[in-house]
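Structure follows, in structure tokens:
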């Protein structure tokens with residue numbers, strides 16, 4: 058049996074919300090990076106517009122997990138951000154589970170003449186295979202493990 062933990066949202070609360078109401082809630086969200094880190098201007102504009110509207114507007118591109126990090130939003134905005142990401146931008150949250158974090162891949166055959174296989178296809182298949190481990194933590198897990206899958210085509 059799995060318990061729901063992780064899923065790309067890291068809850069952060071201020072211990073003195075009366076003194077600092079602007080950061081009483083300052084949750085972090087991990088957004089899965091595009092395959093091979095292929096960004097378009099339109100995609101980046103959509104992400105930044107969303108985060109200006111629903112969060113602090115502060116981002117960290119490719120944090121320790123490889124994800125796009127959205128820093129600072131309130132609890133009521135979490136579902137709104139997730140809905141807009143998945144329905145309007147066709148994007149998922151990154152991994153936050155203790156078993157496996159977000160898979161990442163290089164540009165592979167599109168940029169490297171020595172690539173031996175399709176890194177984007179492999180990363181996609183691994184993501185689909187281990188989707189539960191990306192977004193959930195096994196109940197009763199006593200030691201946290203931060204695993205990162207990085208796919209290189211050479």
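In my numbering, the protein residues as written are 58 to 211. Ideal Cβ positions, reconstructed from N, Cα and C, are used throughout, including at glycine.
Roughly how far, in whole angstroms, is the beta-carbon of residue i from the beta-carbon of residue j, given that I think they are within contact range, below 8 angstroms?
| i | j | result |
| --- | --- | --- |
| residue 132 | residue 138 | No, residue 132 and residue 138 are not in contact; Cβ-Cβ is about 11 angstroms, not under 8 angstroms. |
| residue 90 | residue 123 | 6 angstroms |
| residue 117 | residue 128 | 6 angstroms |
| residue 104 | residue 125 | 7 angstroms |
Hey, residue i and residue j: beta-carbon distance below 7 angstroms or not?
| i | j | result |
| --- | --- | --- |
| residue 148 | residue 162 | no |
| residue 143 | residue 160 | no |
| residue 150 | residue 65 | yes |
Specify, as a first and last residue, the run of the beta strand (DSSP E) that residue i falls within.
| i | result |
| --- | --- |
| residue 117 | 115-118 |
| residue 87 | 85-88 |
| residue 128 | 125-128 |
If you reduce the DSSP assignment to three classes, tell me which class residue i lands in.
| i | result |
| --- | --- |
| residue 94 | helix |
| residue 139 | helix |
| residue 161 | strand |
| residue 171 | coil |
Specify, as a first and last residue, the run of the alpha helix (DSSP H) that residue i falls within.
| i | result |
| --- | --- |
| residue 185 | 176-186 |
Where residue i and residue j are concerned, what is the direct C-alpha to C-alpha distance, given to the nearest angstrom?
| i | j | result |
| --- | --- | --- |
| residue 99 | residue 67 | 27 angstroms |
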